[in-house]
Amino acid sequence: MQIHFQADPLLGPDDLNITVNAVTKNDKVINLLNYLDKYNQKSSSLIPIKTEDRILTIKQTELIKVEVTKNIISFYTKMDVIKTKGRTKEV
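Heads up: the sequence shown begins at 1328 in this note's numbering, then just goes up one per residue.
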């Protein structure tokens, strides 16, 4: 992946124009476009949780409780228990 910046004086001070170039519109491209689409949307109803191999998001309405034992934080939802290492301010 190559990332470039190009100034455009015709754009407004808060405007962005983003173009994604690829051979085909594959899953990687679609995921990036979805990410960019959601980038500016602030959602306080989602909680990001960093695990060893990925970052998960859970809805606040799905969260039942949070349990902290030493450096293990457990998030209990209606469907799952997600465990991560660290301090609550790092999650």
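For each residue, glycine too, the CB sits at the ideal point set by N, CA and C.
Bear in mind the structure is a predicted one, so any value in this text is a computation, not a measurement.
Report the rounded CA-to-CA distance for residue i versus residue j, giving the unit in angstroms.
{"i": "ALA1349", "j": "GLN1387", "result": "36 Å"}
{"i": "LYS1397", "j": "ASN1344", "result": "46 Å"}
{"i": "VAL1347", "j": "ILE1374", "result": "28 Å"}
{"i": "ILE1330", "j": "ILE1391", "result": "41 Å"}
{"i": "THR1411", "j": "THR1378", "result": "5 Å"}
{"i": "ALA1334", "j": "THR1351", "result": "26 Å"}
{"i": "ASP1341", "j": "MET1406", "result": "40 Å"}
{"i": "LEU1338", "j": "ASP1380", "result": "38 Å"}
{"i": "ASP1364", "j": "THR1384", "result": "17 Å"}
{"i": "THR1404", "j": "PRO1336", "result": "48 Å"}
What does a CB cutoff of less than 6 Å around residue i pick up in its chain, not counting 5 residues either side in sequence?
{"i": "GLU1394", "result": "SER1401"}
Could you give the C-beta distance for residue i and residue j, rounded to a whole number, given that I count them as a contact under 8 Å?
{"i": "ILE1306", "j": "ILE1376", "result": "As shown, the chain starts at 1328 and ends at 1418. That puts residue 1306 outside it, with no answer to give."}
Only counting the same chain, and skipping five residues up and downstream in sequence, which positions put a Cβ closer than 8 Å to that of residue i?
{"i": "SER1372", "result": "LYS1386, GLN1387, THR1388"}
{"i": "GLY1413", "result": "LYS1377, ASN1398, ILE1400"}
{"i": "LEU1359", "result": "VAL1347"}
{"i": "VAL1356", "result": "VAL1347, ALA1349"}
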